[in-house]
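Following: one structure in structure tokens, then a few remarks.
2 protein chains.
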Amino acid sequence: MMNNCEQCVVKNKAICSALDPDELIAINRLSRKVSIKAGQALIWEGDDSLIVANVVEGAFKLTSSLEDGREQIIGLLYPSDFVGRPFGDRNEYTVTALADSKVCVFSRSDFDQFVREHPDLEHKLLQRTLVELDRVRRSMLMLGRKTAPERVASFLLEMSDRLADASCSVVGGSLQQFALPFGRQQVADILGLTIETVSRQMTQLKKNEVIALPDHRNVQILDANRLHDIADAGPG
Amino acid sequence: MMNNCEQCVVKNKAICSALDPDELIAINRLSRKVSIKAGQALIWEGDDSLIVANVVEGAFKLTSSLEDGREQIIGLLYPSDFVGRPFGDRNEYTVTALADSKVCVFSRSDFDQFVREHPDLEHKLLQRTLVELDRVRRSMLMLGRKTAPERVASFLLEMSDRLADASCSVVGGSLQQFALPFGRQQVADILGLTIETVSRQMTQLKKNEVIALPDHRNVQILDANRLHDIADAGPG
DNA sequence: TTTTCACATTGATCTAGATCAATGTGAATG
DNA sequence: CATTCACATTGATCTAGATCAATGTGAAAA
Chain A
1 MMNNCEQCVV KNKAICSALD PDELIAINRL SRKVSIKAGQ ALIWEGDDSL
51 IVANVVEGAF KLTSSLEDGR EQIIGLLYPS DFVGRPFGDR NEYTVTALAD
101 SKVCVFSRSD FDQFVREHPD LEHKLLQRTL VELDRVRRSM LMLGRKTAPE
151 RVASFLLEMS DRLADASCSV VGGSLQQFAL PFGRQQVADI LGLTIETVSR
201 QMTQLKKNEV IALPDHRNVQ ILDANRLHDI ADAGPG
Chain H
1001 MMNNCEQCVV KNKAICSALD PDELIAINRL SRKVSIKAGQ ALIWEGDDSL
1051 IVANVVEGAF KLTSSLEDGR EQIIGLLYPS DFVGRPFGDR NEYTVTALAD
1101 SKVCVFSRSD FDQFVREHPD LEHKLLQRTL VELDRVRRSM LMLGRKTAPE
1151 RVASFLLEMS DRLADASCSV VGGSLQQFAL PFGRQQVADI LGLTIETVSR
1201 QMTQLKKNEV IALPDHRNVQ ILDANRLHDI ADAGPG
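Protein sequences appear in the order of chains A and H. First residue of the first sequence: 1, per this note's numbering; consecutive thereafter. First residue of the second sequence: 1001, per this note's numbering; consecutive thereafter.
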């Protein structure tokens, strides 16, 4: 089905915002809007890179796995984020929808060519990639060196920041209350912990009145300062 | 001191390879060749991003730290690699020379502007950033989910691949023998382990005749297949 | 050559977090 | 309403890897 960039909800935030109306019409011809059900994969680790896309609606996880099933979530994608591996022929990770989602898909060869012809678009893509690289490197410090309480606290703070755009009830650019877009197992896969450890840390934070948990998906930050302290306190 | 791109040893491998002779002269005017002693830092975590550079000679580590001194190495840089954070105003990590090194430095504002005016250069930079992002994500799986034996085996294999360019005595694109460019503590900081654990794993591999250790810096791979098996075997 | 000093190995013990095993919980279904 | 089923919590135990503590080792300096 043909897409319509003019009416696209992410046209001002996605990389397409680098394009003028004529160019939007041109890229429109290359794109296809696709719906993905929760749990369905869009891209598989190890496959050839044949498509790239913009997330329009929903959320995705980016994962890498070992043969015996151990899985690490290595990234999360939200509306306006870019997915896939341009200028390379192999996908190094799997992309799976966490909720019912919509993406705007391009064939990689079409996209690569279009990007090379539109430096402003390529610039946007570079900026996004640099931001993502910074984010991923921050996760490396977390996975390599942080304790379980530090990981959970950092995670809650990052989520409250990241979801701040979407909603209101904001204090200082972060949300005081928000709904996690995933369950405990996936939190564990993000943090490199087990589900039990994540659960125990959450309970602990609740007991200490640092957070409240109206239900399993919702988190309310009661004491942001303390949460920050826990997030990068030394061990002990 | 003025640089001379025509004679530069990395001109064919660094991002500068995207430029034609005229453009090389232009970027030459913006660059400054700087020597860095082993152990000296080029960029500090948290500082404003004021410079970017190409590595010409030597090696660097990219690190991020917690207040109490825990440190994670989040990247390594070799000749022709690009350093620094273009199009952003904050350095998220520290860059330190591992050996006496030389870099070709640009002021970030000069560089940003020059890149925007030269799409081919920006394209090279994007390609490098995408490759680095893939590499870093692979490390996330390692840090989050791999056991100590798996980490050490993966590390030795990656090093033998990465150093394959530099030397001869290559079998199937990888080196059978190579000198690690760093000591045990730094290996530990790369793998998110302690120095003792790294040491024990190396001893174990030696006992099982998977590798030989002529001395503390040199590694000889005796049984690459087994090393691969260990690198992503399930636990147990 | 001996001394030194930084680094690596080895051993003994401890512990954070994994694993194993019930037991809640609450939204969807009959 | 009871039943189910997926998910979350809680508890008991185990273990990989950290930590603490000597003991090697080998290259540079005296």
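Think of the CB as a built atom: it goes at the ideal place given N, C-alpha and C, for glycine as much as any other residue. All of these numbers come straight from a predicted model, not from anything done at the bench.
A check of alpha carbon separations from Gln1177/H across Ile1211/H, Lys1146/H, Arg1200/H identifies Ile1211/H as the nearest.
Here Ser1139/H is not near Ala1231/H, since their CB atoms are 7 angstroms or more apart. Ile36/A and Met1142/H have their C-alpha atoms spaced approximately 29 angstroms apart.
By the beta-carbon neighbour count (other beta carbons within 10 angstroms, threshold 16), Gln186/A is buried.
Where Lys13/A is concerned, there is no enclosing alpha helix (DSSP H), because DSSP gives it neither an H nor an E. By the Cβ rule, the segment 1072-1081 of chain H does not count as touching the segment 1018-1038 of chain H, because fewer than three pairs are nearer than 8 angstroms. Counting C-beta atoms within 10 angstroms of its own C-beta, Arg217/A has fewer than 16 neighbours from the protein chains shown and is therefore classed as exposed. For the set Leu1222/H, Ser1101/H, Lys1011/H, Arg1085/H, the Cα lying nearest the Cα of Asn1028/H is the one of Lys1011/H. When Cβ-Cβ separations below 7 angstroms define contact, Ile1043/H makes no contact with chain A.
At least 7 angstroms separates the CB of Leu1076/H from every CB of chain A. Taking a beta-carbon distance threshold of 7 angstroms, Gly1144/H counts as an interface residue toward chain A. Between the segment 1119-1136 of chain H and the segment 78-94 of chain A there are three or more inter-stretch CB-CB distances shorter than 8 angstroms, so the stretches are counted as touching. In summary, no residue of the segment 1215-1229 of chain H has a CB separated from any CB of chain A by less than 8 angstroms. Residue-level contact check: Met140/A touches chain H, since one or more beta carbons of chain H fall below 7 angstroms from its beta carbon. Judged by DSSP secondary structure, Glu1067/H falls outside any beta strand (DSSP E); it is assigned neither H nor E. Using a 10 angstroms sphere on the CB of Leu1050/H, the tally of other CB atoms stays under 16, which defines it as exposed. DSSP places Arg1090/H in the strand class (E or B) of the three-state scheme. Cβ atoms of Leu133/A and Tyr93/A stay farther apart than 8 angstroms, at about 15 angstroms. Per DSSP, Glu6/A lies in no alpha helix (DSSP H) and is assigned neither H nor E. Residue pairing by DSSP puts Ser107/A in a beta bridge opposite Ile51/A. Here Gln1072/H is near Arg145/A, since their CB atoms are less than 7 angstroms apart. Residues of the segment 1110-1139 of chain H whose Cβ lies closer than 8 angstroms to any Cβ of chain A, in chain order: Arg1116, Pro1119, Glu1122, His1123, Leu1125, Leu1126, Gln1127, Thr1129, Leu1130, Val1131, Glu1132, Leu1133, Asp1134, Val1136, Arg1137, Arg1138, Ser1139. If you look at Phe1178/H, you'll find it isn't in any alpha helix (DSSP H); it sits in the beta strand (DSSP E) that goes 1177-1179.
One thing to note: Val1136/H has its Cβ within 7 angstroms of the Cβ of Val136/A. The Cβ atoms of Asn1091/H and Asp1047/H sit closer than 7 angstroms to each other. Residue range 1119-1145 is occupied by the alpha helix (DSSP H) that includes Val1136/H, with no beta strand (DSSP E) assigned at that position. In this structure Ser1031/H is in contact with Phe1106/H, their Cβ atoms being roughly 6 angstroms apart against a cut-off of 8 angstroms. For the segment 1075-1103 of chain H, residues whose beta-carbon sits nearer than 8 angstroms to a beta-carbon of chain A comprise Gly1075, Arg1085, Pro1086, Phe1087, Gly1088, Glu1092, Tyr1093. For Ser64/A, at least one C-beta of chain H is nearer than 7 angstroms to its own C-beta. Judged by DSSP secondary structure, Ala153/A falls within the alpha helix (DSSP H) whose first and last residues are 148-162.
Cβ atoms of Ala148/A and Leu193/A come within 8 angstroms of each other, at about 6 angstroms.
In this structure, DSSP gives Gln1072/H an extended state, which the three-state scheme calls strand. Under DSSP, Phe60/A shares a beta bridge with Leu77/A, Ala97/A. Beta-bridge partners of Asn1218/H (DSSP): Ala1179/H.
Annotation: the segment 186-216 of chain A contains the following complete segments of the alpha helix (DSSP H) (minimum length 4 residues), in chain order: 195-207.
In this structure, Val1052/H and Phe1111/H form a Cβ contact; the two beta carbons are roughly 5 angstroms apart against a cut-off of 8 angstroms.
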